[in-house]
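First to last, the sequence lines map onto chains A and B.
Everything in the first sequence is counted per the working numbering, starting at 1 for the first residue and increasing by one.
Everything in the second sequence is counted per the working numbering, starting at 1001 for the first residue and increasing by one.
Just so it is clear, CB atoms sit at the ideal spot from N, CA and C, and this is done for glycine as well.
No experiment lies behind these values; they were computed from the predicted model shown.
Just below is one structure, and these are the notes that go with it.
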Amino acid sequence: DTGVSQDPRHKITKRGQNVTFRCDPISEHNRLYWYRQTLGQGPEFLTYFQNEAQLEKSRLLSDRFSAERPKGSFSTLEIQRTEQGDSAMYLCASSLVAGKYNEQFFGPGTRLTVL
Amino acid sequence: AQSVTQPDIHITVSEGASLELRCNYSYGATPYLFWYVQSPGQGLQLLLKYFSGDTLVQGIKGFEAEFKRSQSSFNLRKPSVHWSDAAEYFCAVVLYNFNKFYFGSGTKLNVKP
């Protein structure tokens, strides 16, 4: 049983470039979440999907950010025209909504550095 | 406003000593409560969780946490710390609909030999 995987693990880019991250959730998990974690802080919620539908987006998710989950399996998070303030760890989590409890399992994260 | 507070940014304890990490939350109702641990460059690993019932919950790696409704607290404890426990610890809450986690800012634990 594999856990949540994220690719790449590290990304260094220049300001103004576009980047795309991928998250593969645990098989059969119908919910997928994206969080951002900056240095010295806890993760902050960005958005989540139930199957392929994006059900909620945080105010943190500016127009430059877009997330998709086209077939209800893997998800991508794209950041356009990156800024230095986008440097952070981007965490993905997945869960199976079944019954009352819904535990989220986290991936190892993608660390983005914008120069 | 909803919030999760971890008042201690850094804690240093000697190996073998006891540990308590504090967490307070501010919500209208009792949320579901979690503790996660994160090693450098790694993702989050669940230590334990509280949904309801017995207010003292046991987790992995010898950790336990106690929910105190009157104090809106969910403090993490370990009777004897090991060097491998050095990491960052996050308290988190989820509201009943489980749509998203709210995390505290974390407590970084150093363990002296």
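Integer-rounded CB distance, given that residue j should sit under 8 Å from residue i
i, j, result
"Arg69(A)", "Glu52(A)", "5 Å"
"Val1094(B)", "Pro1007(B)", "Actually they are not in contact, since the Cβ atoms of Val1094(B) and Pro1007(B) sit about 21 Å apart, beyond 8 Å."
"Gln17(A)", "Thr82(A)", "6 Å"
"Leu1047(B)", "Val1037(B)", "5 Å"
"Phe1103(B)", "Gly72(A)", "That belief does not hold up - the Cβ atoms of Phe1103(B) and Gly72(A) are roughly 26 Å apart, past 8 Å."
"Ser58(A)", "Thr47(A)", "6 Å"
Beta-ladder partner(s) of residue i, from DSSP
i, result
"Gln1071(B)", "For Gln1071(B), which the question treats as bridged, DSSP gives no partner whatsoever."
"Asp24(A)", "Ser5(A)"
"Leu1047(B)", "Note: Leu1047(B) sits in no beta bridge, so no partner."
"Lys11(A)", "Leu112(A)"
"Trp34(A)", "Thr47(A), Cys92(A)"
"Lys1112(B)", "Ser1014(B)"
"Ser66(A)", "Glu78(A)"
"Thr1125(B)", "A query on residue 1125(B) cannot be resolved here, the shown segment of chain B reaching from 1001 to 1113 and no further."
"Val1094(B)", "Tyr1032(B), Phe1101(B)"
"Ala1087(B)", "Leu1109(B)"
"Val19(A)", "Ile79(A)"
"Phe1063(B)", "Bridge partners of Phe1063(B): none, in fact."
"Leu1076(B)", "Leu1021(B), Ala1065(B)"
Proximity of residue i and residue j at Cβ, strictly below 8 Å
i, j, result
"Leu1076(B)", "Phe1090(B)", "no"
"Ser1026(B)", "Ser1070(B)", "no"
"Gly40(A)", "Ile26(A)", "no"
"Gln104(A)", "Phe1101(B)", "yes"
"Leu112(A)", "Lys11(A)", "yes"
"Glu1015(B)", "Val1057(B)", "no"
"Val1111(B)", "Val1004(B)", "no"
"Gln54(A)", "Ala67(A)", "yes"
"Lys1108(B)", "His1010(B)", "yes"
"Gln84(A)", "Arg15(A)", "yes"
"Ser1052(B)", "Ala1087(B)", "no"
"Leu115(A)", "His29(A)", "no"
Taking one C-beta from the region 27–38 of chain A and one from the region 91–98 of chain A each time, how about it: are there three or more such pairs within less than 8 Å?
-> yes
If you pair each beta-carbon of the region 1013–1024 of chain B with each one of the region 1036–1044 of chain B, do three or more pairs fall below 8 Å?
-> no
Contiguous beta strand (DSSP E) assignments of at least 3 residues, all confined to the region 69–95 of chain A = 75–79, 88–95
Any contact of the region 73–91 of chain A with the region 9–23 of chain A, i.e. 3+ C-beta pairs under 8 Å?
-> yes
Go through the region 1002–1046 of chain B residue by residue and report every complete run of the alpha helix (DSSP H) that reaches 4 residues or more, in order.
-> none
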